[in-house]
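Chemist:
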Amino acid sequence: MLAWRMRRQQLAERAPAPRALDVVSRIAGLHAQLMSSAEASLHARVDALPGDYVARALWRDGTLVKTWAMRGTLHLLVRDELPAYVGALARLRPRHHQPAWLRSYGLTRELADAMLAAIPAVLADRPLTREELARAVADATGEPVLADKLADGFGALLKPAAFAGRLVFAEGEGQKVRFTRPDIEPAEGEEAARQVVRTYLAAYGPAPREQFQRWFGMTSPAEAGRWLRALGEEAVELDLGWMLAADAGEAAAAEPSGAVRLLPAFDPYVVAAPRKAGAVLAAAQRARVYRPQGWLSPVLLVDGVIRGVWTRDQDAIALEPFGRLAAAERAAAAEEAERLGATLTVRR
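Okay, here's the thing in structure tokens:
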């Protein structure tokens, strides 16, 4: 199954540059907590990609969009697919309807609803920085307290607006982030959910319901199970978890490619990998990849197995393998480093 997953995530063989957008679509977006990692994740899967591809797709061509999505984390999504992700996210209980969330930020339900209603209205004319957005929402609602609340923190109060498709990132103004509204109509909830599940299973299956629950950001395995079962005969539950019925034969027949990749921090492969499966990562090494506060290390991937971690200092990459590497694996890792514009050193 690892061989099949490598192929489906465009890691066994890189796609040509004209298919870069298809790759983003296939893997359900790029994790963009670090923009440099999002760019590196795409470069790991696409050959001869221009260095400014992501920036042009976001800010000039408008084919990608940056927003908070699955798990409440930043993603780069294909803009045409944003309505489906927003429609699916709308099926989860809104954060601003949860008493604990409201208490955390000192809001009432009424104040939170007023804030979310005002955000797309104040973004109608032009992109706004966080500070400008905060002041505009406070003025529009007549609630001065919202100015300080929206200007503070790390965007937690803006996530519900992003989940509802009322706000996305715009090109920054110097060091300041800016926001705009996407002007989309969210897809219908049930069909949107089925579309997202199909995309997930096509790239990350087979997956048990708990794995899908964690990836999407649900609170309950039972809810994840309902979404998976909603595909009906399109999906099957195997010993290793759920996958699309049409993919089962291909997955069973997939052969290892021998591919070696240096994946960046927060790469989608690592985010969605089964964390309890020793076939992907030895339990003894799990803490070196899945670190505190949700940080995920850059990894050495060999035929779908995480075989080490790495760090970069300017033009040098220091690789820390979890065990002995074969000569061919070391050579392939060195080629990957050279592709990243760096030299490789291997630490014991």
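Quick note on this note's numbering: the sequence shown kicks off at 40 and runs consecutively. Think of the CB as a built atom: it goes at the ideal place given N, C-alpha and C, for glycine as much as any other residue.
(1) Identify the residues that DSSP records as bridge partners of P360: which are they?
(2) Report the residue from A71, R58, L41, P295 whose alpha carbon sits nearest the alpha carbon of D306.
(3) Tell me which same chain residues have a C-beta within less than 8 Å of the C-beta of A163, skipping the five on either side of it?
(4) Taking 9 Å as the threshold (C-beta atoms), are M154 and L131 in contact?
(5) Quick one: using the 10 Å Cβ neighbour count with 16 as the cut-off for buried, is S143 buried or exposed?
(6) For the candidate residues I345, G101, A173, whose alpha-carbon lies nearest to that of L60?
(7) Spell out the partners DSSP gives M282 in its beta bridges.
(8) Just to check my reading of the structure: L81 and L88 have Cβ atoms closer than 8 Å, yes? What is that Cβ distance to the nearest angstrom?
(9) Can at least three beta-carbon pairs, one atom from the segment 247 to 261 and one from the segment 48 to 56, be found at a separation below 8 Å?
(10) What is the C-beta distance between A127 and V275, in whole angstroms, given that I count them as a contact (C-beta under 8 Å)?
(11) Report the partner residues of V85 according to the DSSP bridge assignment.
(12) Rounding to the nearest angstrom, what Cα-Cα distance links L279 and A263 in this structure?
(13) Can you list, in chain order, the residues of its chain with a C-beta nearer than 8 Å to that of L141? Leave out the 5 residues immediately preceding and following it.
(14) Which residue marks the beginning of the alpha helix (DSSP H) containing A365, and which one marks its end?
(15) In whole angstroms, give me the CA-to-CA distance for E359 and W281.
(16) Using DSSP bridges, identify the partner residues of E212.
Modeler: So, to answer that:
(1) Looking up residue 360 in the sequence shown gives position 321. The partner list for P360 (beta bridge, DSSP) reads G347.
(2) Against the sequence shown, residue 306 aligns to sequence position 267. Residue A71 is the option with its Cα nearest to D306.
(3) What you label residue 163 is simply residue 124 of the sequence shown in a count that begins at 1. For A163, where only same-chain residues beyond five positions count, the Cβ hits under 8 Å are R220.
(4) Your numbering for residue 131 matches position 92 in the sequence shown. Your numbering for residue 154 matches position 115 in the sequence shown. Going by C-beta atoms, L131 is not nearer than 9 Å to M154.
(5) Along the sequence shown, read from residue 1 onward, the residue named residue 143 stands at position 104. The residue is exposed, with fewer than 16 neighbouring Cβ atoms inside 10 Å.
(6) The count along the sequence shown starts at 1 and reaches residue 60 at position 21. That would be G101, whose Cα lies nearest to the Cα of L60.
(7) On the sequence shown, residue 282 is found 243 positions in, with the first residue counted as 1. Beta-bridge pairing links M282 to V275.
(8) In the sequence shown, counting from the first residue as 1, residue 81 sits at position 42. In the sequence shown, counting from the first residue as 1, residue 88 sits at position 49. With a Cβ gap of about 7 Å, L81 and L88 count as contacting.
(9) no
(10) For the purposes of this step, residue 127 is taken as the residue at position 88 of the sequence shown. For the purposes of this step, residue 275 is taken as the residue at position 236 of the sequence shown. Actually they do not touch by this definition, with Cβ atoms about 21 Å apart.
(11) Position 46 of the sequence shown, counted from the first residue, corresponds to residue 85. Its beta-bridge partners are A54.
(12) On the sequence shown, position 240 is the one that residue 279 refers to. On the sequence shown, position 224 is the one that residue 263 refers to. Taking the straight line from one Cα to the other gives about 16 Å.
(13) Indexing the sequence shown from 1 puts residue 141 at position 102. Closer than 8 Å at the Cβ level, and outside the excluded window around L141, lie H135, T147, R148, A151.
(14) The residue labelled residue 365 in the question sits at position 326 within the sequence shown. Where A365 is concerned, there is no enclosing alpha helix (DSSP H), given that its DSSP letter is neither H nor E.
(15) Indexing the sequence shown from 1 puts residue 359 at position 320. Indexing the sequence shown from 1 puts residue 281 at position 242. Whole-angstrom Cα-Cα distance: 33 Å.
(16) Walking along the sequence shown from the start, residue 212 turns up at place 173. E212 pairs with K215.
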